[in-house]
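End of the sequence shown sits at 761 in the numbering used here; the numbers just go up one at a time, nothing left out. Read through the structure below, which is laid out as structure tokens, and then see the notes.
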Amino acid sequence: MATASTTGTGSVKEIGRIVRKKKFQRHVSLAIRNDGAVSVPVLVDRESSCLPWCCLGAWIEVEGVPSKDGKHIMAAQVTLIQCAPDPNAVLLCLKLMTINDDDQQQLPLHVLSCKTQLQSLDQVTEILQASRDVQRREIAQLVRQLNGLDAKRIACQRKPHTRQRHLKLLERIEGAVPLMEIVVKNDDVKNNDEGTNSTVDPHEVVVVELPIINLPQNNDHNDSHHDDVPSTERLEYLRQKKWPQIQWILQRLSHQMGGDFRHVLDVGGGRGDLAVAIARAFPTAHVTVVDQNEPSLEAGREYARQLGLSVATSSSKEGEEEATMGQMRFHCANFASFVEEYHHQVHQENQPENQNNNNNRPIDVVVALHACGDLSDLALQFAHRIQAKFTICPCCYTKRYIGQYEPLWMQHYKHCFQQSTGVVPQETPCEPNNKDNLPVAGGCNDSLDDEPQQKNKEYNPSSDEQIAVVQRLAELNESPEVSHRAMHVINSLRLQSLFSQKDCNDDTTDDQRSRKSHSQVSVELQEYHSKISMRNIVLVGK
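Here it is as structure tokens:
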């Protein structure tokens, strides 16, 4: 045990948890308590080296003699049994475990390891040498364990903030918008009557056998999906969640699109999990990843190289990148800038002097796995404009990243279907500088969370509020059935808005307009199992 000696000899020994600490004359008075309700007062010399780690909540053993008045124990020796569940105390104990100083005694590992997962001095050194954020996270986990809790903090489960009027509004919108049929694609390898596999995707093995080496380092995340998690959690996420989704997308590309494509664009591809799998499954296709997180893209480049894939590098000519220099290209840019750059490049290639240049491949497939918010809308709009096939899985239905951009499905709903909901809206202006273009306090957002002051007050939401309600219901994890219905509405509007917007003022009904638009381009909604992701509705164009 680590001890800190004071003057005097001891004939009394007490063990307890420090419940009070204060100055008392030339000493420091500690009140320690064991299982009983009575506290034992202990006086420790102010010069004692034990005082820094004698924090509230620490368990100590005291040897000493009674004071002259018999009210205190004059401590001769104080031993730390268990560190206090306090971040500063834990950090101090970690430092004292590795100290080599004659003036300070080295603490043993058991003052923390008795109730935590800290089992070696190597772990202590690793925590002390880690970055500030990582160190704080590790110390917080140790504090939780000292308090008898799980190391991993369990997020508080928010109660569903649903209102009956919001559910009724969703029903009215479902009645007004022609919902597209969802094709369920859960089982891609089915058994025939003889009990053998009838169809097996030749690319399925490629996904399963990909080595899971694409794990983030401490500095490789920037507020993006699933990157700001420890490697062990990402490993579990890759195995149980992401790889099945990647496999599902590969099977769509192979079965429904025939695999006869030359250039695949992965929007918001980050570390390249999906893009690398596509490149491995379809060796003749070029794959471009667009993301604005450069550390993730660099990790993706290294990942692709480790798997033997060629990656495009910058050309010495005018600083341009040539896609022909590698099967894969990782491009750092926001997607709106990439779209502008791509159309400019296509225009240049259509010039007579460049028409014989076969180095560049036009994009014929667009994929996006959990592209957040309006990034899914931009990817869908881009694929439609260049007449490319697409497989886009949206998520984060309430998020808006691109200022001054209103997704087509919102415009389409306001123009064509809002009046069909049976609600007479009273438009509430939104702040012009609000990048999300959502209603603000005192406007249409108020009725999302607050019930009308009068129960019989008619609920007449504005068009912006109707959209905001459906978006929020789509993110309602606590009510999967309601969330699925709202996602169905939004994604139906997304596909219909590509073709029907110009026809909203004609005399055809909504159902006729929907069927007419679907005959022009083969689009549909598909769905995979909700066990691998609750955001499981996919936009497919083929």
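Just so it is clear, CB atoms sit at the ideal spot from N, CA and C, and this is done for glycine as well.
| Asked | Found |
| --- | --- |
| Looking only at its own chain, which residues have a Cβ that is under 6 Å from the Cβ of residue 671, when we skip the five neighbours before and after it? | For residue 671, the predicted model reports a pLDDT of 42, less than 50, meaning its position is unreliable; a value from the coordinates is still stated below. Around residue 671: no qualifying Cβ. |
| Return the chain-ordered ranges of every alpha helix (DSSP H) run that is complete within the region 350 to 393 and spans a minimum of 4 residues. | 351 to 365 |
| Quick check on the DSSP output: the beta strand (DSSP E) that includes residue 547 runs from which residue to which? | 547 to 551 |
| Look at residue 518 and residue 469 and say whether their C-beta atoms are less than 8 Å apart. | no |
| With contact counted as at least three CB pairs below 8 Å, one residue from each stretch, are the region 690 to 710 and the region 579 to 588 in contact? | no |
| Secondary structure at residue 510, three-state DSSP: helix, strand or coil? | strand |
| So residue 629 is in the alpha helix (DSSP H); what residue range does that whole segment cover? | 627 to 631 |
| Would you mind reading off the limits of the alpha helix (DSSP H) that contains residue 694? | Residue 694 -> no alpha helix (DSSP H), and no H or E assigned at all. |
| Measure the C-alpha to C-alpha separation of residue 484 and residue 516 and round it to an integer number of angstroms. | 14 Å |
| In this structure, does DSSP put residue 746 in helix, strand or coil? | strand |
| Confirm, please, whether the CB-CB distance from residue 297 to residue 257 is below 8 Å. | no |
| Distance, Cα to Cα, residue 319 vs residue 557? | 56 Å |
| Just to confirm my understanding: we take residue 389, look at its own chain, exclude 5 residues before and 5 after, and list those with CB closer than 8 Å. What are they? | 688, 689, 692, 701, 704, 705 and 708 |
| What are the start and end residues of the alpha helix (DSSP H) that includes residue 306? | 306 to 316 |
| Can you check whether the CB of residue 292 is closer than 8 Å to the CB of residue 330? | no |
| Once the 5 residues before and after residue 275 are set aside, which same chain residues still bring their CB inside 8 Å of it? | 237, 238, 239, 240, 303 and 305 |
| Since residue 546 and residue 506 should fall inside the 8 Å C-beta cutoff, what is the C-beta to C-beta distance between them, to a whole number of angstroms? | 7 Å |
| Under the assumption that residue 757 contacts residue 742 (Cβ atoms under 8 Å), give the Cβ distance between them as a whole number of angstroms. | That pair is no contact at about 11 Å. |
| Check each candidate in 746, 753 and 710 and name the one with the smallest Cα separation from residue 398. | 710 |
| Report yes if the CB atom of residue 336 is closer than 8 Å to the CB atom of residue 370, and no otherwise. | yes |
| In whole angstroms, what separates the C-alpha of residue 553 from that of residue 249? | 59 Å |
| Evaluate residue 361 with the Cβ neighbour count: other Cβ atoms within 10 Å of its Cβ, from every protein chain shown; 16 or more gives buried, anything less gives exposed. | buried |
| What three-state label does DSSP hand residue 264 in the structure shown? | strand |
| Taking only the alpha-carbon atoms, compute the straight-line gap between residue 510 and residue 524 and give it to the nearest angstrom. | 18 Å |
| Closest to residue 681 by CA distance: which of 244, 589, 633 and 695 is it? | 633 |
| Quick check: the Cα distance between residue 466 and residue 591, rounded to an integer number of angstroms? | 20 Å |
| Threshold first: 3 residues or longer. Then list the beta strand (DSSP E) segments lying entirely within the region 585 to 615, N to C. | 608 to 614 |
| Give the range of the alpha helix (DSSP H) segment to which residue 335 is assigned. | It is not in any alpha helix (DSSP H) - residue 335 carries neither H nor E in the DSSP assignment. |
| Assign residue 400 to one of two classes, buried (16 or more other C-beta atoms within 10 Å of its C-beta) or exposed (fewer than that). | exposed |
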